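Enquirer: The sequence shown maps to residues 53 to 472 in my numbering. Glycine included, every Cβ here is placed at the ideal spot set by N, Cα and C. Keep in mind it's a predicted model, so treat the numbers as computed, not measured.
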Amino acid sequence: MKPIIEVKNLKKRYRLGVIGTGSLANDLKSYMAKIKKKEDPNTLIGQEQRKKGDSFMALNGVSFTVNKGETIGVIGSNGAGKSTLLKLITRVTAPTEGEIVLRGRIASMLEVGTGFNGEMTGRENIYMNGAILGMTKAEIDSKLDDIIAFSECADFIDTPVKRYSSGMYVKLAFAVAAHLDSEIMIMDEVLAVGDAKFQKKCLDKMLDSAKNDGKTILYVSHNMATVKQLCSRCIILNEGKVIFDGDVDKAIEIYLGAIGSDTICADLSDSPRFEGRVPTVKLMSYQILNKDFSVFDNKDLIKMRFTVKAFETVENAMLRIIIKSSELAVVGAVTSNKNINVEKGKDYTFETEMDLSNLASGKYIASFVVFSVTDNIVEEYDSITDVFFFEIEEVKRDNGQWHSHWLGHTIFPDMKIEKV
53 MKPIIEVKNL KKRYRLGVIG TGSLANDLKS YMAKIKKKED PNTLIGQEQR
103 KKGDSFMALN GVSFTVNKGE TIGVIGSNGA GKSTLLKLIT RVTAPTEGEI
153 VLRGRIASML EVGTGFNGEM TGRENIYMNG AILGMTKAEI DSKLDDIIAF
203 SECADFIDTP VKRYSSGMYV KLAFAVAAHL DSEIMIMDEV LAVGDAKFQK
253 KCLDKMLDSA KNDGKTILYV SHNMATVKQL CSRCIILNEG KVIFDGDVDK
303 AIEIYLGAIG SDTICADLSD SPRFEGRVPT VKLMSYQILN KDFSVFDNKD
353 LIKMRFTVKA FETVENAMLR IIIKSSELAV VGAVTSNKNI NVEKGKDYTF
403 ETEMDLSNLA SGKYIASFVV FSVTDNIVEE YDSITDVFFF EIEEVKRDNG
453 QWHSHWLGHT IFPDMKIEKV
């Protein structure tokens, strides 16, 4: 049997123009930089390596096949080419080179509201999406009640979708994609917009569609727990190329190892910030002081040194380390016990100790945040995600070995029990 999806040497090149950044001020900055032969101040971090003249290679020779009924996870860091790949497969845009062969109808959810007409009601958009898939009105009629019930939007189904919240958009869009007759489902990480209860319902529906309906699923996500639960195979993209295609657990291990490389010390000055944010108090570097490697016993303290640069004078700033499991699920966080004051234009060095005694054995990855709290309002000055990778050796306790797979990643103190 031939694969339901064939991707052959796929390339997508975008021309880097001097306009179209989103604002006149930024367009003028880009234009002046080009005249002066200087670096474009609006170029995203990480683009330089993939520039070729006046173009940018979003995908550069991607090839893989997907068989009917497979559930494939597509993971990679921001800018790796994941969303571009899905847009090419769903024919939202055309490849520069290469070929995509599809042997089935596609239902996709790439961005909130993709495929919806804002002026049309929810009901009308259901019929329009069904018609695009080639379904007759009678076929859509037979699915309509299930779609509306699943979307939880029954009270607003005859309201123009431009009045929907982002959560309502996602619920209706997923309900349409999951219930209409298609052989292939393409899901980007827009499910993160929905509430936790609806996310679980969507995940259960995708599992059911793959198992019982034989649908093929391509799923892009940064949530490794859902990738592990849903997918039977995983593809890692990095800088527009496939660097791994195979076992899900192995893919997650490679992905976490890649983003956590050089974990004993790191220069953070050029690390990507969330949505290109310009830091006020910038994290410049970190260093582990008490180990030459990143494997710890949970009785250890991690002693760390941070350097920061103040671009504004800030009082009562704090440092927070957010810890995630190998599935990138948040396990917990630790916050500095003292506030720090910094003056504009100066560099500072701070040392911290992080207690590991409540963590079970396993692999972890941490993010760093500099922030302050005033009148219960949190202000972030700098945030670097998923940068410090470390491992805790097997944890043994008096009441037996701790298995984090079954018991979780957080170890609470033993509870007291008395016979009465």
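1) Hey, could you find the ends of the alpha helix (DSSP H) Leu-138 is sitting in?
2) Taking the C-alpha atoms as reference points, what is the distance between Thr-148 and Lys-134?
3) Across which residues does DSSP place Asp-427 in a beta bridge pair?
4) Pull up the distance between the alpha-carbon of Gln-101 and that of Asn-264, whole angstroms please.
5) So who's on the other strand from Phe-442, going by DSSP bridges?
6) Buried or exposed: Ile-304, going by 16 or more other Cβ atoms within 10 Å of its Cβ?
7) Whose C-beta lies closer than 6 Å to the C-beta of Phe-363 among residues of the same chain, with five residues either side of it excluded?
8) Could you pull out every residue in the same chain whose Cβ sits closer than 7 Å to the Cβ of Lys-257, ignoring the five residues on either side in sequence?
9) To which residues does DSSP link Cys-317 through a beta bridge?
10) With a threshold of 16 other CB atoms inside 10 Å of the CB of Thr-188, please say whether the residue is buried or exposed.
11) Tell me, please, which residues DSSP counts as bridged to Lys-60.
12) Could you pull out every residue in the same chain whose Cβ sits closer than 6 Å to the Cβ of Val-337, ignoring the five residues on either side in sequence?
13) Just checking, does the stretch 339-352 make contact with the stretch 384-393 on the three C-beta pairs under 8 Å criterion?
14) What are the boundary residues of the beta strand (DSSP E) that includes Gly-29?
15) Between which residues of its own chain and Gln-339 is the CB-CB distance below 6 Å, once the five residues before and five after are set aside?
16) With DSSP as the reference, label Cys-286 as helix, strand or coil.
17) For Ile-375, tell me which candidate among Ile-444, Val-425, Thr-426 and Cys-283 has the shortest Cα-Cα distance.
18) May I ask you to verify whether the stretch 174-184 touches the stretch 199-213, counting CB pairs closer than 8 Å and requiring at least 3?
19) Residues in the same chain with beta-carbon distance under 8 Å from Ser-234, minus the five sequence neighbours each way, listed in chain order, please.
20) Where does Asp-399 land, buried or exposed, given buried means 16+ other C-beta within 10 angstroms?
21) Between the alpha carbons of Ser-28 and Asp-240, how many angstroms are there, rounded?
22) Glu-395 bridges to which residues according to DSSP?
23) What would DSSP say about Leu-432, mapped onto helix, strand or coil?
24) Just to confirm, is the Cβ distance from Lys-253 to Glu-151 under 7 Å?
25) Quick check on this structure: which residue in Ala-227, Asp-197 and Asn-119 has the alpha carbon closest to the alpha carbon of Ile-236?
26) How many angstroms separate the CA atom of Tyr-216 from the CA atom of Lys-223?
27) Cα separation between Ile-178 and Asn-169?
28) Is the distance from the Cβ of Ile-392 to the Cβ of Ala-369 below 7 Å?
29) Rounded to the nearest angstrom, what separates Ser-378 and Trp-458 at their Cα positions?
30) To the nearest angstrom, how far is the alpha carbon of Thr-73 from that of Val-126?
31) In whole angstroms, what separates the C-alpha of Gln-251 from that of Ile-200?
32) Tell me whether the beta-carbon of Arg-67 lies closer than 7 Å to the beta-carbon of Ser-107.
33) Pick helix, strand or coil for Ala-477, following the three-state DSSP scheme.
34) Can the beta-carbon of Val-128 be found closer than 7 Å to that of Ile-288?
35) Can you name the residues that DSSP bridges to Arg-372?
36) Taking DSSP's pairing of strands, which residues face Lys-334 in a bridge?
Expert: Let me spell this out:
1) The sequence position of residue 138 within the sequence shown is 86, counting from 1. Note, Leu-138: alpha helix (DSSP H), 134-141.
2) Taking the first residue of the sequence shown as position 1, residue 148 is located at position 96. Taking the first residue of the sequence shown as position 1, residue 134 is located at position 82. Straight through space, the alpha carbons of Lys-134 and Thr-148 are spaced by roughly 16 Å.
3) Position 375 of the sequence shown, counted from the first residue, corresponds to residue 427. In the DSSP output, where bridge partners are listed per residue, Asp-427 has none listed.
4) Mapped onto the sequence shown, residue 101 falls at position 49. Mapped onto the sequence shown, residue 264 falls at position 212. Interpretation of Gln-101 is limited by its pLDDT of 46, a score under 50 that renders its predicted location unreliable; no figure is taken from the coordinates.
5) Here residue 442 corresponds to residue number 390 of the sequence shown, with the count starting at 1. In the DSSP assignment, the residues bridged to Phe-442 are Tyr-416.
6) Translated into the one-based positions of the sequence shown, residue 304 becomes position 252. So Ile-304 ends up on the buried side.
7) Numbered from 1 along the sequence shown, position 311 holds the residue referred to as residue 363. Excluding residues within five positions, the ones whose Cβ falls inside 6 Å are Thr-332.
8) Taking the sequence shown and counting its residues from 1, the one referred to as residue 257 is at position 205. Contacts found: Ala-230.
9) As a first step, residue 317 must be located in the sequence shown, where it is residue number 265. Cys-317 pairs with Gln-339.
10) Counting from 1 along the sequence shown, the entry for residue 188 is found at position 136. Note on Thr-188: under 16 other CB atoms within 10 angstroms of its CB, so exposed under the neighbour-count rule.
11) Taking the sequence shown and counting its residues from 1, one reaches residue 60 at position 8. Beta-bridge partners assigned by DSSP to Lys-60: Glu-151.
12) Translated into the one-based positions of the sequence shown, residue 337 becomes position 285. Note on identity: in this sequence residue 337 is Ser, with Val being the wrong assignment. For Ser-337, the CB contacts under 6 Å within the same chain, skipping 5 residues up- and downstream, are Asp-319, Leu-320 and Thr-359 in chain order.
13) Cβ pair count under 8 Å is below three, so no.
14) Outside the shown range of the chain (53 to 472) lies residue 29, about which nothing can therefore be said.
15) Here residue 339 corresponds to residue number 287 of the sequence shown, with the count starting at 1. The residues are Cys-317 and Arg-357.
16) Translated into positions along the sequence shown, residue 286 becomes position 234. Three-state result, Cys-286: strand.
17) Translated into positions along the sequence shown, residue 375 becomes position 323. Between Ile-375 and the set Ile-444, Val-425, Thr-426 and Cys-283, the nearest pair of CA atoms involves Ile-444.
18) In this structure the stretch 174-184 lies against the stretch 199-213, because at least three pairs of beta carbons, one per stretch, are closer than 8 Å.
19) Here residue 234 corresponds to residue number 182 of the sequence shown, with the count starting at 1. Closer than 8 Å at the Cβ level, and outside the excluded window around Ser-234, lie Gly-156, Arg-157, Ile-158, Ala-159, Leu-185 and Lys-267.
20) For the purposes of this step, residue 399 is taken as residue 347 along the sequence shown, with counting starting at 1. Asp-399 should be labelled exposed.
21) This structure gives no information on residue 28, because the portion of the chain shown stretches from 53 to 472.
22) Here residue 395 is taken as the residue at index 343 of the sequence shown, counted from 1. Note: Glu-395 is not bridge-paired with any residue in the DSSP secondary-structure output.
23) Stepping through the sequence shown from its first residue, residue 432 is reached at position 380. According to the sequence provided, residue 432 is Glu. The question's Leu does not apply to it. Per DSSP, reduced to three states, the secondary structure at Glu-432 is strand.
24) Along the sequence shown, one-based indexing puts residue 253 at 201. Along the sequence shown, one-based indexing puts residue 151 at 99. Going by beta carbons, Lys-253 and Glu-151 fall outside the 7 Å limit.
25) Walking along the sequence shown from the start, residue 236 turns up at place 184. Taking only the C-alpha atoms, the option nearest Ile-236 is Asn-119.
26) Position 164 of the sequence shown, counted from the start, is the residue given in the question as residue 216. Position 171 of the sequence shown, counted from the start, is the residue given in the question as residue 223. Straight through space, the alpha carbons of Lys-223 and Tyr-216 are spaced by roughly 10 Å.
27) Translated into positions along the sequence shown, residue 178 becomes position 126. Translated into positions along the sequence shown, residue 169 becomes position 117. Going from the Cα of Ile-178 to the Cα of Asn-169 covers about 10 Å.
28) The residue labelled residue 392 in the question sits at position 340 within the sequence shown. The residue labelled residue 369 in the question sits at position 317 within the sequence shown. With contacts defined by Cβ atoms closer than 7 Å, Ile-392 and Ala-369 form a contacting pair.
29) Along the sequence shown, one-based indexing puts residue 378 at 326. Along the sequence shown, one-based indexing puts residue 458 at 406. Counting only the Cα atoms, Trp-458 lies some 14 Å from Ser-378.
30) In the sequence shown, counting from the first residue as 1, residue 73 sits at position 21. In the sequence shown, counting from the first residue as 1, residue 126 sits at position 74. Any reading at Thr-73 needs caution, since the residue's pLDDT is 46, under 50, leaving its predicted position unreliable; the model's value is listed next. Between Thr-73 and Val-126, the C-alpha separation is close to 28 Å.
31) Counting from 1 along the sequence shown, the entry for residue 251 is found at position 199. Counting from 1 along the sequence shown, the entry for residue 200 is found at position 148. Distance between the alpha carbons of Gln-251 and Ile-200 is about 17 Å.
32) For the purposes of this step, residue 67 is taken as residue 15 along the sequence shown, with counting starting at 1. For the purposes of this step, residue 107 is taken as residue 55 along the sequence shown, with counting starting at 1. Against a cut-off of 7 Å, the Cβ pair of Ser-107 and Arg-67 comes out as a contact.
33) The structure shown does not extend to residue 477, since the chain spans only 53 to 472, so no value can be given for it.
34) Walking along the sequence shown from the start, residue 128 turns up at place 76. Walking along the sequence shown from the start, residue 288 turns up at place 236. In the sequence on display, residue 128 carries Gly and not Val. Contact: yes.
35) Walking along the sequence shown from the start, residue 372 turns up at place 320. Arg-372 pairs with Thr-387 and Val-421.
36) Translated into the one-based positions of the sequence shown, residue 334 becomes position 282. Beta-bridge partners assigned by DSSP to Lys-334: Lys-361.
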